[in-house]
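Below is one structure, written out as structure tokens; the observations come after it.
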Amino acid sequence: MKTTIIGLKNHAAEEVTLSGWLYNSRSSGKLLFLIVRDGTGLCQCVMEKGKVPDELFDEFRHLGQESSISVTGLCREETRSVGGYELAVTDAKVICAATDYPITPKAHGVDFLMKNRHLHLRSQRQWCMGRVRHTVIDAIRRFFNDNDFTLIDTPIFTTIAGEGEQTLFEVDYFDRKLHLTQTGQLYLESAAMSFGKVYCFGPTFRAEKSKTRRHLTEFWMVEPEVAYTDLDGLLQLGENFVSYIVQRVLEDNRPQLETLGADIVALEKIAPPFHRLTYTQAADILTSQKTVEFMAEQLDGFEKRKADIKQRITEIEAEDKKGGLKKWRQEKNAKELIELRSELTDVDVKIENNPKHAKLAADFRWGKDLGGSDETIISLMHDKPVFITHYPKEAKAFYMRADRENDKVVENFDMIAPAGFGEIIGGSMREDDHDRLLAKIHNEGYDPAAYEWYLDLRKYGSVPHGGFGLGVERTVAWITGEKHIRQCIAFPRMMDKVYI
RNA sequence: UCCCCGAUAGCUCAAUUGGUAGAGCGAGCGGCUGUUAACCGCUAGGUCGUAGGUUCGAGUCCUACUCGGGGAGCCA
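Just add 62 to wherever you are in the first sequence, counting from 1, and you've got our numbering.
Laid out in structure tokens, this is it:
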């Protein structure tokens with residue numbers, strides 16, 4: 063009977079057939095351990111010499127990693143086996159034998175893996191990331207659909223800019239210049255006046271020259287937009303939404319989170335209410351003695367770790383030099399050395415960046431936008447996501463609603479994920495007063511004619527409304543504990559870097 | 001656009017500070033009936049990113065370039 067690895071639990075003590083790929087194999091004389099993957103999980107299949115034809119045993123003993131195979135055998139519960147079940151092989155077939163598969167089950171560098179991205183997707187880690195991403199996207203749709211939002215697909219080719227025009231990809235559209243979308247927001251505002259609560263979800267393109275672990279030039283963003291709401295309503299929506307996503311991943315992908323080394327205990331704490339700070343409070347924190355001490359503490363921790371690593375390296379090297387070690391001991395040392403050296407480079411970078419980031423924070427002046435490192439500092443100080451609201455209007459986009467109590471700031475917010483990952487949501491109330499909006503368009507030097515339809519929304523039944531955008535890859539990175547956003551999308555596009 | 005780091009075997013990394021290039025994994029062959037990135041033995045595998053320069057001698061020092069990584073500004 064044909065089945066999948068994830069379905070094995072329903073077939074204990076039955077003979078089943080799996081179709082998949084050879085993930086890894088070990089031989090022990092007359093025993094062959096075949097680790098098979100089939101897209102739903104991993105399963106160890108044990109082939110015993112004598113229980114299958116000798117030719118078959120020999121064929122599989124020399125079979126290369128990632129050969130496509132089908133395996134038939136008796137399914138049994140086995141605690142020593144990955145996934146808890148294994149197959150006692152009675153028959154097997156090679157569909158396509160692979161030789162010299164480039165990605166071995168050992169350490170590889172980023173560049174090598176990216177150049178082999180089409181194969182790298184088969185690795186456990188990438189598979190787990192893909193499963194979590196799938197759940198995140200499903201949870202996003204479910205949340206909005208179950209909360210009376212209507213999906214509106216906004217265009218990819220756009221005629222007007224949402225944020226700054228310098229960050230747009232220009233395309234030649236039958237001799238007319240259009241841009242790839244960097245937000246569906248302006249279109250969504252129009253739709254919100256028809257449906258009340260709407261959202262769009264699709265790829266987003268930004269030509270920012272940002273070469274960091276937080277940036278892609280093509281990424282996926284979901285944007286809800288709500289009529290008749292206020293800033294507090296948006297914050298509540300945001301915290302309920304993000305908490306729901308995290309809950310769903312905890313329910314559906316616990317084994318994947320464990321494999322990825324995510325901080326599950328921390329994720330279980332993600333529930334409303336999140337922390338709330340105004341921009342002014344955040345600025346006070348950044349320039350306070352508390353931050354000076356916090357940064358010094360961090361640096362101290364890094365220095366201590368560095369000293370520990372260095373000492374351990376010295377110990378191992380001395381042990382190796384002394385000689386007379388068993389082979390397995392030598393190898394264990396070699397492996398530990400590689401790990402320690404790699405961690406040492408990481409810690410060195412942190413030590414190098416710490417004073418720079420501390421200085422950026424200390425030199426922070428009211429009126430500037432918060433930088434990535436500033437957000438990281440605030441993020442590291444909290445165990446739950448943090449909302450930062452009411453930024454200076456000069457630092458923000460023209461469409462954000464001016465705070466009627468304090469004209470220097472706008473009713474906007476960012477949501478900063480904890481543990482140092484940084485911003486995952488940016489949003490705001492939108493300026494709903496026609497004349498104020500027109501004045502902002504003039505101030506920015508934009509052509510009012512291009513925004514005529516957008517201004518119309520303020521002429522015909524304008525209402526208080528707002529929304530936000532959540533970056534899918536950043537959310538996946540935060541939840542899984544992945545350091546780099548490029549691992550959170552199958553085929554990443556980065557500034558100056560498109561592999562395949 | 002700017003700053004920092006790197007490039008040595010198919011892969012991941014060493015080379016005692018300028019003196020003839022090493023290890024593990026992977027590959028090939030052999031051994032082992034419960035392995036968990038299995039283990040043990042043997043074999044093959046290199047124009048040290050490119051181009052110049054310093055030197056009796058350069059993987060190691062200098063210059064330029066190419067490619068890669070990290071960060072700043074900006075942002076999801």
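Built from N, CA and C at the ideal position, the CB exists for glycine as well.
Spatial neighbours of residue i in its chain, beta-carbon cut-off 8 Å, leaving aside the 5 residues before and after
i, result
"glutamate 544", "Met191, Leu322, Val538, Cys550"
"leucine 500", "Pro510, Leu517"
"lysine 126", "According to the sequence displayed, residue 126 carries glycine and not lysine. Within the same chain, glycine 126 has close Cβ partners Leu84, Ala159, Ala160, Thr161, Asp162, Tyr163."
"lysine 589", "Nothing about residue 589 can be read from this structure; the chain reaches only from 63 to 562."
"leucine 55", "As displayed, the chain neither begins before 63 nor continues past 562, which places residue 55 out of reach and without an answer."
Backbone secondary structure at residue i - three-state DSSP
i, result
"serine 490", "strand"
"tyrosine 261", "strand"
"leucine 104", "strand"
"isoleucine 97", "strand"
"valine 560", "coil"
"glycine 126", "coil"
"lysine 155", "strand"
"isoleucine 131", "strand"
"tyrosine 461", "coil"
"methionine 283", "strand"
"glycine 145", "helix"
"threonine 266", "strand"
"histidine 419", "helix"
"phenylalanine 303", "helix"
"histidine 337", "strand"
"arginine 275", "coil"
"proline 115", "coil"
"methionine 357", "helix"
"isoleucine 199", "helix"
"threonine 349", "coil"
"threonine 65", "coil"
"isoleucine 450", "strand"
"glycine 82", "strand"
"glutamate 76", "coil"
"cysteine 177", "With the sequence shown as reference, residue 177 is identified as lysine, and cysteine is not the correct amino acid for it. In this structure, lysine 177 counts as helix in the three-state DSSP scheme."
Selection from the options that minimises the alpha carbon distance to residue i
i, options, result
"serine 305", "Val133, Thr353, Ile486", "Ile486"
"aspartate 445", "Gln318, Ala481, Glu140", "Ala481"
"aspartate 215", "Tyr249, Gln186, Gly258", "Tyr249"
"lysine 366", "Lys412, Asp116, Glu285", "Lys412"
"lysine 113", "Asp153, Val560, His170", "Asp153"
"arginine 203", "Ala423, Met283, Gly246", "Met283"
"glycine 31", "Ser272, Tyr513, Glu355, Ala333", "Lying outside 63 to 562, the shown extent of the chain, residue 31 is not represented and no answer is given."
"glutamate 77", "Glu148, Lys259, Arg338, Ile68", "Glu148"
"arginine 466", "Ala253, Gln244, Leu293, Val172", "Leu293"
"alanine 424", "Thr279, Asn505, Ala345", "Ala345"
"glutamate 280", "Ile541, Arg536, Lys331", "Arg536"
"glutamine 247", "Lys559, Asp495, Phe460", "Phe460"
Buried or exposed by the 16-neighbour rule on C-beta atoms within 10 Å, applied to residue i
i, result
"valine 151", "buried"
"glycine 167", "Note that residue 167 corresponds to proline in the displayed sequence, not to glycine. Proline 167 comes out exposed."
"tyrosine 522", "exposed"
"lysine 421", "exposed"
"alanine 289", "buried"
"valine 308", "buried"
"threonine 407", "exposed"
"glutamine 106", "buried"
"lysine 502", "buried"
"aspartate 234", "exposed"
"asparagine 505", "exposed"
"threonine 274", "exposed"
Other residues of its chain near residue i: CB distance less than 7 Å, five sequence neighbours each side excluded
i, result
"leucine 402", "Ile371, Arg374, Ile375"
"glutamate 398", "Ile378"
"glutamate 110", "Lys92, Leu93"
"lysine 177", "Tyr561"
"phenylalanine 206", "Tyr261, Pro286"
"glutamate 251", "Glu287, Arg492, Leu519, His527"
"glutamate 405", "Ile371"
"glutamate 232", "Lys239, His241"
Proximal residues to residue i (C-beta, below 6 Å), its chain only, five neighbours per side dropped
i, result
"isoleucine 326", "Leu319"
"threonine 451", "Thr340, Phe475"
"serine 130", "Trp83, Ile157, Cys158"
"methionine 462", "Val472, Asn474, Ser490"
"glutamate 140", "Glu148"
"arginine 179", "Tyr561, Ile562"
"isoleucine 541", "Val311"
"proline 217", "none"
Heavy atom of the ligand GDP within 7 Å of residue i beta-carbon
i, result
"serine 132", "With respect to the ligand GDP, the structure shown offers nothing to examine, as it has no ligands at all."
- Item | 3 or more residues per run - each beta strand (DSSP E) lying fully within the segment 471-555 | 474-479, 484-491, 527-533
- Query: Along the chain, which unbroken stretches of the beta strand (DSSP E) at least 3 residues long are found entirely within the segment 201-252?
  - Reply: 232-235, 238-242
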